[in-house]
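*Asks:* Add 17 to the 1-based position in the sequence shown for this note's numbering, that's all there is to it.
Cβ atoms here follow ideal geometry from the backbone N, Cα and C, with glycine treated the same way.
One structure is given below, represented as structure tokens, and several questions about it will come after.
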Amino acid sequence: MNRLTPEQRLQIVQVHFENNGSVRNTYRALRPFYRIQPEAHIWLNGYVNKQNCRIWSADNPQVYVKTPLHPERLTVWCALWAGGIIGPYFFKNDDFQNVTVNADRYRAMILTFSFLN
């Protein structure tokens with residue numbers, strides 16, 4: 018709502034109360050004024066968030082492509098302070114594989130990496 022003017026915000030509230038506070042009726046009344054823009058997050062490995070994207074075709078190719086539940090990604094940490102830049106720090110395990118950041122890994126990174134550099 019940060020793109021609406023104060024007058025537009027007031028108009029939405031007025032429409033809401035005119036519809037007896039019903040969110041569904043307010044949405045229906047305001048629907049013509051909204052532009053819906055679908056979005057899909059496309060990852061570098063070609064993954065598409067299928068919750069936001071559907072691909073339809075007249076053909077049924079009966080092709081199944083196995084993909085991991087979550088695409089591989091990389092987490093990088095760095096910080097700026099008066100003394101300069103700290104980092105970058107890549108969250109990887111002992112086998113140099115990407116790992117998820119959790120409280121223990123984040124604490125270890127703060128205690129070792131940031132104080133040594």
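1. Helix, strand or coil for TYR51? Go by DSSP, reduced to three states.
2. Can you grab the Cα-Cα spacing for the pair GLN114 / PRO105, in whole Å?
3. What are the boundary residues of the beta strand (DSSP E) that GLY100 is part of?
4. By how many angstroms is the C-alpha of GLN28 removed from the C-alpha of GLY101?
5. Measuring CA to CA, which of GLN79, GLU35, VAL93 is closest to THR117?
6. Please classify VAL93: does DSSP put it in a helix, a strand, or coil?
7. Please state whether the Cβ-Cβ distance between ARG122 and PHE108 is less than 9 Å.
8. Quick check on the DSSP output: the alpha helix (DSSP H) that includes ASP121 runs from which residue to which?
9. Express the C-alpha separation of ASN110 and TRP96 in angstroms, rounding to a whole number.
10. Between the C-alpha atoms of ILE127 and ILE103, what's the straight-line distance to the nearest angstrom?
*Replies:* Based on what the coordinates show:
1. Reliability of the predicted coordinates at TYR51 is poor, the pLDDT of 47 falling under 50, and the value obtained from them is presented with this limitation in mind. Coil at TYR51, not helix or strand.
2. 16 Å
3. Note, GLY100: premise wrong, no beta strand (DSSP E); not H, not E.
4. 49 Å
5. VAL93
6. strand
7. Cβ atoms of ARG122 and PHE108: closer than 9 Å.
8. 120 to 126
9. Checking the displayed sequence, the identity of residue 96 turns out to be Ala instead of Trp. The alpha-carbon atoms of ALA96 and ASN110 are separated by roughly 21 Å.
10. 10 Å
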